[in-house]
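Accompanying notes for the structure given below.
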Amino acid sequence: VPIVALGNMRDLANRRVDSDFAYSWAARERVKLFEVSAKDRNSLVDFVQYLGQRHFHPISIRVEVLTVKKVEVREIESCHTDGFLIFNPLGRTLETSCGCSAVDSLLGGALSISTFFCVDELHSRGYAESLAKYFIAEGLYSGHDVLVVDPLDEDKLWKGIPTRIEIQPESTSSSVPPMPSDHPQDLRIAFRYAAKPQVNSSIGDKNRYDLGKPLDTQAFAAQILRFEGELSYESLYKQIAELCRSERYSTARGPTKNLLRIVINHLGSPVWSDSSNLSAFLVRIRPLLRKSYVVLLATSESETMFRKHTEELFVTADIYIQLVAISEEEQKKLASLDKYHGYLRILRLPRVTSVGTHNPPVDLVFTQERNTFDVSILHLPPAVGDGDQNSKSPSMVLEAMQVKDSVTSLLSNTDLNAAVHPERNMSKEYRVASRKIVITLGSTVSRREEWPPLLREVGIRVKHFSSRTKYLVATSVRDALYRRAVALGVFIVNKDFLERCQHVKSLEEIEKLAEECRLPLFAGLIIAFLGFNDELAEDHLHTVESNGGQVSTSTREATHVVVAPDLRPPASCHGKYLVTIDKVIVAMANLFQWIRGSLDLGWCANEKCFEYKWTEPTAHIRPRNSFLRFQKRRRAESSAKKYKRYQLCLELFKTEVNCLKASDFLVRLSEENVYVQSEANDIMFGVYTAMKKAHDKIVQRMGQVLDTWNDHSTIGDIFVEESPLLVEAYTPYFHTLETSLQYLKENKRKSAKFNAYINDKERDRSLGKQKVDYLLNVPFQQITSRIPASLKEIRNQTTTLDPDFELLGDAISVIDRMLVSINESKRLGAESEAIFRKIQDLPGHILRSPRQFVCAMEFLSIPNGDNVWSCFVVELLIFKDCVLMAEKLDRSISCGAFFRRKPARTMKFMEFCHHVRIRAVRVLLNSDDERILVIVVRNPTKDAEWCLQIVYPDDLVHEFLSKLVDEQGFQDAWTSLLPD
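Residues 12 to 991 (the numbering used here) make up the sequence shown, in order.
So this is what it looks like as structure tokens:
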């Protein structure tokens, strides 16, 4: 909005712009000009009323008051003009504050709109966030919209937004300088220096925000924007581009405008999922900022970034400052640095309004207090020598006296504490109380429950990962917390650190131990070289192994594969990290980019920056007159083939959905069935629970692939990876299919209620009113014919260069092997299945596993009580893995029995046990000299005995029991008695 206010209407001497120049400039630019002054209250009120009558949005203006007096600025701020932007008529740009007065002063007064402000923090991870919090607080109080993007923890910044400090009204009474006191302690050197004001090296005014008082952001909920996309530069750019091009923030004319403040924390850190796209993000973000009312503040840690990305960030940013933490060694060498926390270095200033910007030729330092972040000029202390004392200035003497007093008090306090508390030197409790070290166990560390109590005794606390974590313990660089620890500057150590920490006695020993136990660059990685000769691979074998990695010749075992240029990786490399090399670098330095980058950074570089992307080579075509026609025909054929492949995948997906529907219907049918016994219900429908689980998993994964279908989508890997579920589901299904159909038919004939229940369920329209008998056979038809045929058709429509070609072949082989294995087990267990169909009340779990029949023999049961005729015939059946005992049923003979078929059930189930439960087999003689076979079976509570009377001759019994003992394989701890 073209309005400008010219301050100091009455005090023309302090103006930087005179009235004639201002009015001529306003007429040329067609703007409204006001002359206002804090001393003339009426002119200021007229200006504010003019703004209120026009209903200007707060972004419209807080026009700069061109004055050097701070009183006028406060007066204008108190007249409800907060939130207005500053318009600089000299630079013809809109400006806004960054929230920190010191930084504003260093930048020339304020931040220009469309500025990219980067704060690079070195050797620490806490100071740049203070500037970001100032930046956010200024935006919230000014009515601006704020978007915060933090790949580690977005809520952490929002929890510490400072509160604005209320400005106390200044007293109008004239201030009288204090008189020198008569007390001698007030005069440290001489009376003539007491009235001298202390030198204030701070830059800028006092900060307007208190970091110690968190702001309740609920009142500013309408101004807070959230980043909902994935943590990638591509999704971040899309959201920022959408905001910058919106009517609210675009520089194009519109009814409502506002300023958008964007904060990106940890820009360039390894936490982002697509680190290779950082260069494109930086290049594309600048044009967006230039055409919108947006200010971008980004924090970075260049020590965790590639040198290429660091240089690109420096060139792209309009403002680039560094916060370098002061180390303990520097503070020990120079005592005057004790009160400072780091250096502030201005490396780049904005060139939006000028070609050459002013950089103050002084050393700047910053101090991070609990309530404020201050920037000041570093003044070196005077050098106190042994020369003439008269040449020493009072400030030099004062500095020397303060240093002497501090050193003396430090030594006296140390000696006094050692004399009064001698036990503190060796006491473990004192070490525990004085030490605060927080470590975090990574996802690759085992025995996680054992370490916290052991380390607590030596003063080390094991907690969840946060910014307070000092050491991360991991066994591999593939740990889930590895990238976050690198981004936050957390030291990463191996598992030996936990063992050796139990014997340390001081903090210095822990720091030395951490250096010794530092996690190697390639710990836990298995690297394979693909397409290189043995000599070239051996050259880098030592580099990889010396940094904790392993080199493998098999790509299946490898976690990372280094691929030669112009080499198409095989299907076995699917899912691996593929990194490539630069031909020029190999020829000159013989180093890989990924390995070299890791060695330069000091941690395992992000593999996605070097991911190998295979591009199909273009075939050389002989030029003809019909070249364009041939290209058009080839594209048409290729498109038709791809579309055909997609249609076949849809048909396969529908087949899987039909299997899932049938399985789900049969599972619900089993759960609601209360009309037959549980054993019969389990035999008929029990196997479909596992089948539903397998097809549900396949349908979900195929649905995700089809939703995001492209030329490189694969479905063969779905069937390969889910093959264990298919084997688990279809093995019992094939063994129980015939029995389940037989049980269904018999129970429908025996129970009228069950028959009515089945007829009612068959009217379900969701399955097309299909019969239950047909639904029981649906999985058999699909897995034996439809699914393999569909996979083969899809493979025929897939080129050999597609990644899905080999995977489809593996899927077809997996299903074929599964069917062959099931057919072989059915062939071996055909005799067993025929026997099982004759046994009544047989448990379902016996039918589901393939069992090979060995032999059988009939015995008599032991009579109960005095009735010797109460015994019945018992048949003992031996299988390869179990023993089954069944009662022989009587066959009733009536008139016309010869014209009826034989009954289906000839035996009734009694007992069953695996061979491993048999403890002993004995043949005993009772009082009547009858031979009794005793089989001792182990049960969970106590042992049971199967007692049967032998009716066959000894030679047959001896042969039968020999087979039982052979199948059982008795050991020495087991006993057996066989008849002689």
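Don't be surprised by glycine CBs; every beta carbon is placed ideally from N, CA and C.
Nonlocal neighbours in the same chain, by C-beta distance under 6 Å from residue i, ignoring five residues either side
| i | result |
| --- | --- |
| F971 | M868 |
| Q6 | Only positions 12 to 991 of the chain appear in the structure, and residue 6 is not among them; the question remains open. |
| A336 | H134, S135, G353 |
| L536 | G560, T570, H571 |
| E956 | V945, V947 |
| S313 | D131, T321 |
| A291 | none |
Cβ-based neighbour list, residue i, same chain, cut-off 7 Å, excluding 5 preceding and 5 following
| i | result |
| --- | --- |
| Y744 | V698, M702, P790 |
| A822 | G727, F730, V731, L802 |
| E978 | V865, I889, K891, H926 |
| D285 | S243, Y244, E245, K619 |
| E149 | S108, C109, G110 |
| L289 | Y244, G279, H320 |
Cβ neighbour criterion (16 or more within 10 Å) applied to residue i
| i | result |
| --- | --- |
| V885 | buried |
| E682 | exposed |
| H277 | buried |
| K672 | buried |
| V294 | exposed |
| S973 | exposed |
| N950 | exposed |
| N807 | exposed |
| P874 | exposed |
| N937 | exposed |
| E132 | buried |
| V326 | exposed |
| H475 | exposed |
| A525 | buried |
| H746 | buried |
| S689 | exposed |
Under the three-state DSSP convention, the category residue i falls into
| i | result |
| --- | --- |
| S89 | Low local confidence applies: a pLDDT of 33 at S89 is under 50, so the model's placement there is unreliable, and no value is given. |
| W283 | coil |
| P173 | strand |
| S243 | coil |
| S563 | strand |
| M829 | helix |
| Y493 | helix |
| S762 | coil |
| Q960 | strand |
| V501 | coil |
| Q753 | helix |
| G353 | strand |
| Q379 | strand |
| A230 | helix |
| I124 | coil |
| P372 | coil |
| C109 | coil |
| F890 | strand |
| S724 | coil |
| L421 | Note that L421 scores a pLDDT of 39, beneath 50, so its modelled location is shaky and nothing firm can be said. |
Bounding residues of the alpha helix (DSSP H) (the contiguous stretch that carries residue i)
| i | result |
| --- | --- |
| Y152 | 138-152 |
| Q863 | It is not in any alpha helix (DSSP H) - Q863 carries neither H nor E in the DSSP assignment. |
| P464 | 462-467 |
| R458 | Here R458 belongs to no alpha helix (DSSP H), and DSSP marks it neither H nor E. |
| Y785 | 783-792 |
| G727 | 727-732 |
| A525 | 518-527 |
Same chain only: Cβ atoms within 8 Å of residue i, ignoring 5 sequence neighbours per side
| i | result |
| --- | --- |
| L661 | L717 |
| Q715 | none |
| S338 | H134 |
Limits of the unbroken beta strand (DSSP E) element including residue i
| i | result |
| --- | --- |
| L895 | 893-899 |
| D718 | Per DSSP, D718 belongs to no beta strand (DSSP E); it is in the alpha helix (DSSP H), 699-718. |
| V555 | Where V555 is concerned, there is no enclosing beta strand (DSSP E), although the alpha helix (DSSP H) it sits in stretches over 552-557. |
| D161 | Note, D161: premise wrong, no beta strand (DSSP E); not H, not E. |
Report task. Pick out the complete alpha helix (DSSP H) segments inside the region 275-340, 4 residues or longer, and give them in chain order. Result -> As far as the region 275-340 is concerned, its whole alpha helix (DSSP H) runs of at least 4 residues are 289-301, 318-327.
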